[in-house]
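Residue numbers (the numbering used here), protein chains in the order written: chain A, -9 to 153; chain B, 3 to 180. Inspection log for the structure reproduced underneath, given as structure tokens.
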Amino acid sequence: MIDLDLGAPLDRHRATVQKEWIDWNGHMNVGYYVVAFDKATDVLCEQFGCSWDYTRLKIGMTFVLEAHVTYDREVKEGDPLRITTQILDHDAKRIHYMHLMYHGSEGYLAATNELMLMNIDYESRRSAPWPEWAMPRIEKMAALHAKLPRPEQAGRLIGIKRK
Amino acid sequence: MLVTLPYEMPELVTTAPIDIHRSTVLPEWVDWNGHMNVAFYVLAFDQASGAFMRNMGLGRNYVDSKSGMTFVLETHVTYDREMRGGAPMRFTTQLLARDTKRVHLFHEMFHAEQGYLAATNETMVMNIDYATRRSASWPVQAAERLEAIWATHKDLPRPAKAGRVMGLPLSSRAQRRI
């Protein structure tokens, strides 16, 4: 297993906006923001040994239960992306966390993605507690991330304010 | 505000909810867990939003004629059941609220043959001026169509999964702190 990244937030994932992610409005399509964010989730899970090898070896899987995205600014083809990740909460089988996507060179916030992720037993495809090797790592990261301010976009409710 | 759009309006559907969009889970949408990946639920829902916008008269030709665009501001998905490659999808769409430049939509995705609810998507879409790429009021024709849809949707019950705020259940959090 890789050395645990003690940075808070986790600041490891980088990507580039692909040509096929662009829609007829000339910017990254809403679905592909989530493609990019989901890769950052893989990077998070890698920290506690529940990423590709976890599924490839038929040990377990992780499923997203719920996701909330705010689209803050447009990004275009070829733009570099930097995604940071903060754990907000966790329990025996879930992690509640948030990704922030920045334009990699201009630095502006492009989008946020709040997620609830659940550990899944490979055989039954049902929820199961995090494996014993994962839990201490999750707890260590969560403790470090708990010192960060809560992102203002966390816990949002969608609605039109009545005037 | 745009008064007329330089193309013909499609026939208006005002059923409540709107139940017109159908799609299929493409093989390239399936991830290493053997099911439709989370991002492609969002893509599939975005196409359902596209169908709603088309019904308002704001489909592809709205952009191609350089009249305007629509941007999603925010979206919330609940993943309720897995969908495998090739699964047929049926979408229903309820208009929850609207103002002069935004629509607040609620989509439900069903497995079209087995009937189960696969996911829900609450989303906010804004009208955008083509030249400035900034928010603008709906074109008059689109606003009229929106009012006709609102008239049939405003009395629908609010979906149970609308207006969700994410978090772990209190019981689970209490347990963890013991």
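We put the beta carbon where it would ideally sit given N, CA and C, even for glycine. Predicted model, so just to flag it, every value in this text is computed and none were measured.
Item                                                                                                                                                                      : Value
What span of residues does the alpha helix (DSSP H) with residue 135/A cover, start to end?                                                                               : 124 to 135
Taking 8 Å as the CB-CB limit, is residue 84/A close to chain B?                                                                                                          : yes
Do residue 141/A and residue 88/A have their beta-carbon atoms positioned less than 8 Å apart in this structure?                                                          : yes
What does the alpha-carbon distance come out to for the pair residue 101/A and residue 39/B?                                                                              : 19 Å
Quick check: the stretch 63 to 80 of chain B against the stretch 12 to 21 of chain B, are at least 3 beta-carbon pairs closer than 8 Å?                                   : no
Would you say residue 93/B reaches chain A, if we count a Cβ-Cβ gap shorter than 8 Å as a contact?                                                                        : no
Threshold first: 4 residues or longer. Then list the alpha helix (DSSP H) segments lying entirely within the stretch 23 to 68 of chain A, N to C.                         : 42 to 46
Just to check my reading of the structure: residue 137/A and residue -2/A have Cβ atoms closer than 8 Å, yes? What is that Cβ distance to the nearest angstrom?           : 7 Å
Just the Cα atoms here: how many angstroms apart are residue 36/B and residue 140/B?                                                                                      : 41 Å
Mind checking whether residue 44/A and residue 72/A have CB atoms under 8 Å apart?                                                                                        : no
With a threshold of 16 other CB atoms inside 10 Å of the CB of residue 8/A, please say whether the residue is buried or exposed.                                          : exposed
Taking 7 Å as the cut-off, is the C-beta of residue 75/B nearer than that to any heavy atom in the ligand MN?                                                             : For the ligand MN, the structure offers nothing, since it holds no ligand at all.
Kindly indicate which three-state DSSP category residue 133/B falls into: helix, strand or coil?                                                                          : coil
With distances taken Cα to Cα, identify the nearest neighbour of residue 121/B among 109/B, 128/B, 127/B.                                                                 : 109/B
Grab the span of the beta strand (DSSP E) containing residue 88/A for me, first residue to last.                                                                          : 84 to 93
For residue 32/B, which residues of its own chain have a beta-carbon under 8 Å away from its beta-carbon, when the five flanking residues on both sides are left out?     : 38, 39, 86, 87
For residue 104/A, go through chain B and note every residue whose CB falls closer than 7 Å to its CB, in chain order.                                                    : 168
Measuring only the C-alpha atoms, how far is residue 124/A from residue 78/A?                                                                                             : 17 Å
Short of 7 Å in beta carbon distance, which residues of its chain neighbour residue 151/B, apart from the five on each side in sequence? Order them along the chain.      : 16, 97
Using a 10 Å radius around the Cβ and a threshold of 16 neighbouring Cβ atoms, would you call residue -8/A buried or exposed?                                             : exposed
Are there three or more Cβ pairs, one per stretch, closer than 8 Å when the stretch 24 to 39 of chain A is compared with the stretch 102 to 117 of chain A?               : yes
Please return the same chain residues whose Cβ sits closer than 6 Å to the Cβ of residue 55/B, not counting the five positions on each side in sequence.                  : 72
Leaving out five residues on either side along the sequence, give the residues of the same chain with a beta carbon under 8 Å from the beta carbon of residue 146/A.      : 58, 60, 104
Under a Cβ-count criterion, where at least 16 other Cβ atoms within 10 Å of its own Cβ denotes burial, should residue 51/B be classed as buried or exposed?               : buried
Whose C-beta lies closer than 6 Å to the C-beta of residue 13/A among residues of the same chain, with five residues either side of it excluded?                          : 19
Can you give me the start and stop residues for the alpha helix (DSSP H) that residue 43/B sits inside?                                                                   : 40 to 57
I want to see whether chain B comes within less than 8 Å of residue 113/A, judged by CB atoms only; does it?                                                              : no
May I have a chain-ordered list of the beta strand (DSSP E) segments no shorter than 3 residues that lie completely inside the stretch 6 to 35 of chain B?                : 24 to 26
For residue 116/B, which option in 104/B, 135/B, 91/B, 123/B has the closest C-alpha, if you only look at C-alpha atoms?                                                  : 91/B
Note down, in chain order, each residue of its chain lying with its Cβ closer than 6 Å to the Cβ of residue 48/A, except the 5 sequence neighbours on either side.        : 112
Smallest Cα separation from residue 128/B: which of 147/B, 105/B, 42/B, 83/B?                                                                                             : 105/B
Can you tell me whether residue 34/A is buried or exposed, with buried defined as 16 or more other CB within 10 angstroms of its CB?                                      : buried
For residue 86/A, I'd like the list of residues in its chain whose CB is within less than 6 Å of its CB, leaving aside the five on either flank, ordered along the chain. : 78, 79, 106
Less than 8 Å between CB atoms is the rule here; does residue 112/B satisfy it with respect to chain A?                                                                   : no
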